Amino acid sequence: RWQAREVFEPKMIAKYGLDDEYGELNLESFYKAGMTDEQIKNFWRAHWEHASWTQVQQMLFRRLIPESEVWDWFRLVEIPPFWRQKMIDSAFHPLTRVDVRRMHRTGTLSDDDLVWAYMDVGFSKKNAGLMADFTIAYNATPEDAEAINLTRAQVETAYRIGFIGRGEAQGYFEDMDYSKEEVEFILALIDHGKSLESGSSWITILRSQVKAGLITVQDAGNRLAELGFSSEAISAYTELFTAYAEAADRLPSKTDIKNWFGLKMITEEETRSYLKSMGHCERDINLYLKFWTPAPA
Numbered sequence: 034r035w036q037a038r039e040v041f042e043p044k045m046i047a048k049y050g051l052d053d054e055y056g057e058l059n060l061e062s063f064y065k066a067g068m069t070d071e072q073i074k075n076f077w078r079a080h081w082e083h084a085s086w087t088q089v090q091q092m093l094f095r096r097l098i099p100e101s102e103v104w105d106w107f108r109l110v111e112i113p114p115f116w117r118q119k120m121i122d123s124a125f126h127p128l129t130r131v132d133v134r135r136m137h138r139t140g141t142l143s144d145d146d147l148v149w150a151y152m153d154v155g156f157s158k159k160n161a162g163l164m165a166d167f168t169i170a171y172n173a174t175p176e177d178a179e180a181i182n183l184t185r186a187q188v189e190t191a192y193r194i195g196f197i198g199r200g201e202a203q204g205y206f207e208d209m210d211y212s213k214e215e216v217e218f219i220l221a222l223i224d225h226g227k228s229l230e231s232g233s234s235w236i237t238i239l240r241s242q243v244k245a246g247l248i249t250v251q252d253a254g255n256r257l258a259e260l261g262f263s264s265e266a267i268s269a270y271t272e273l274f275t276a277y278a279e280a281a282d283r284l285p286s287k288t289d290i291k292n293w294f295g296l297k298m299i300t301e302e303e304t305r306s307y308l309k310s311m312g313h314c315e316r317d318i319n320l321y322l323k324f325w326t327p328a329p330a
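Numbering-wise (this note's numbering), the sequence shown opens with residue 34 and increments by one.
Dropping the structure here:
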């Protein structure tokens, strides 16, 4: 097993740093188990977990490692030679169905290229032939750009209001020749807009509930957390909720107060309280009440 873990290959040990951090190891437990220094070091070299095939692919795609490093990795993790070139060849992404249709329309792919392109994405040779025939016929029909735009607008609206789900929307957009990346971008924009609208509505509702005393500022903050707001946003909104809750209630107009007093809907004491809250001094309040009190018949 150690032979398969490069324990006895000095070049691989140096290349991948298999002896690194060995000096930080507490050897006492190994000695108690009867292991020698050589055995402990070999154990250390063999204990490392190497990058997975998925991780190696991503490093290759992003040009973090050259293809030669992938071949060294095959040896490192003991991939038999039979599979190595096949794994390299299948690592790269094939053209998507949408890419194939578009590239055929522009002449980048010929009619003869279509069958192989569709087989690369998983179609059997028979079905790839059918897809090729369909693509040739599809691209021979002039497209109505205006109709495409209208259909896109309809699909966006249907998804935004919840009439269709995400999967259905993706299917419709892909049928319009949008790539998967473009579809994800369109739907992400719609999702973001829906989140903003929903968030704005919740802010209004929670602010009103705090003001009415139905919930506390802390309750409002907890609800925002449940809705996925960031900690910074929650902190900012709870401060606003606190200020809003402490703000004075809006007072009725002086005309309303006069009419209510004249119709005996409020008492003189209540009228005085309203006028005082509006900033009038006692002398002016007395004058208002005298002026508003009907003369005896």
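By construction, the Cβ of each residue, glycine as well, lies at the ideal position given by its N, Cα and C atoms.
Keep in mind the model is a prediction, meaning the values are calculated, not measured.
Let me make sure I understand the geometry here. Which of the options has the alpha-carbon closest to that of residue i?
i, options, result
"MET120", "GLU100, MET136, VAL131", "GLU100"
"HIS126", "ILE112, ASP145, ARG117, VAL154", "VAL154"
"TYR5", "LEU109, ASP166, SER241", "The requested residue 5 is not part of the displayed model; the chain covers only 34 to 330."
"LEU58", "LYS74, GLU102, THR174", "LYS74"
"ILE169", "THR139, LYS213, MET68", "THR139"
"GLY232", "PHE294, LYS291, THR190, GLY261", "GLY261"
"TYR211", "LEU322, PRO329, CYS314, THR184", "THR184"
"LEU284", "GLY312, ALA269, TYR270", "GLY312"
"ASP317", "ILE98, THR304, PHE63, PRO327", "THR304"
"MET45", "PHE107, TYR205, LEU93", "PHE107"
"THR288", "THR174, THR190, TYR205, LEU308", "LEU308"
"LEU55", "ASP70, LYS65, ALA66", "What sits at residue 55 in the sequence shown is Tyr, not Leu. Per the Cα distances, ASP70."
"THR129", "PHE41, LYS213, ALA173", "LYS213"
"HIS80", "LEU51, GLN91, GLY195", "LEU51"
"MET136", "GLU201, TYR171, VAL216", "TYR171"
"VAL216", "PHE156, HIS225, GLY226, GLY204", "GLY204"
"LEU257", "SER286, ILE267, MET209", "ILE267"
"ASN292", "ALA269, TYR321, ASN160, SER310", "TYR321"
"GLU42", "ALA269, ARG78, GLY246", "ARG78"
"SER306", "GLY295, LYS297, ILE290", "ILE290"
"ARG240", "LYS227, PRO114, TYR270, PHE94", "TYR270"
"GLU39", "GLY200, TRP116, ASP105", "ASP105"
"PRO95", "MET209, ARG134, SER263, ALA124", "Just to set this straight, residue 95 is Arg in the shown sequence, not Pro. The option with the nearest alpha carbon to ARG95 is ALA124."
"ALA245", "LEU222, ALA278, MET164", "ALA278"
"ILE194", "MET152, ILE223, MET209", "ILE223"
"ASP132", "MET209, THR237, GLU301", "MET209"
Would you mind reading off the limits of the alpha helix (DSSP H) that contains residue i?
i, result
"PHE63", "61-65"
"ARG117", "114-124"
"ALA150", "144-153"
"SER157", "That residue, SER157, is in no alpha helix (DSSP H); it is neither H nor E in DSSP."
"GLY204", "199-208"
"TRP325", "315-325"
"ASP52", "Per DSSP, ASP52 belongs to no alpha helix (DSSP H) and is neither H nor E."
"GLU301", "301-310"
"ILE290", "287-295"
"GLU259", "250-259"
"VAL133", "130-138"
Does at least one heavy atom of the ligand MN sit under 6 Å from the Cβ of residue i?
i, result
"GLU189", "The ligand MN is not part of the structure shown, which contains no ligands of any sort."
Worksheet entry | Cβ pair count under 8 Å reaching 3, the segment 80-98 against the segment 145-152 | no
Worksheet item: Does the segment 270-280 come close enough to the segment 246-256 that 3 or more CB-CB pairs lie under 8 Å?
Response: yes
Practice prompt. Mind listing, in chain order, the continuous alpha helix (DSSP H) runs of no fewer than 4 residues lying wholly within the segment 74-107?
Written response: 86-94
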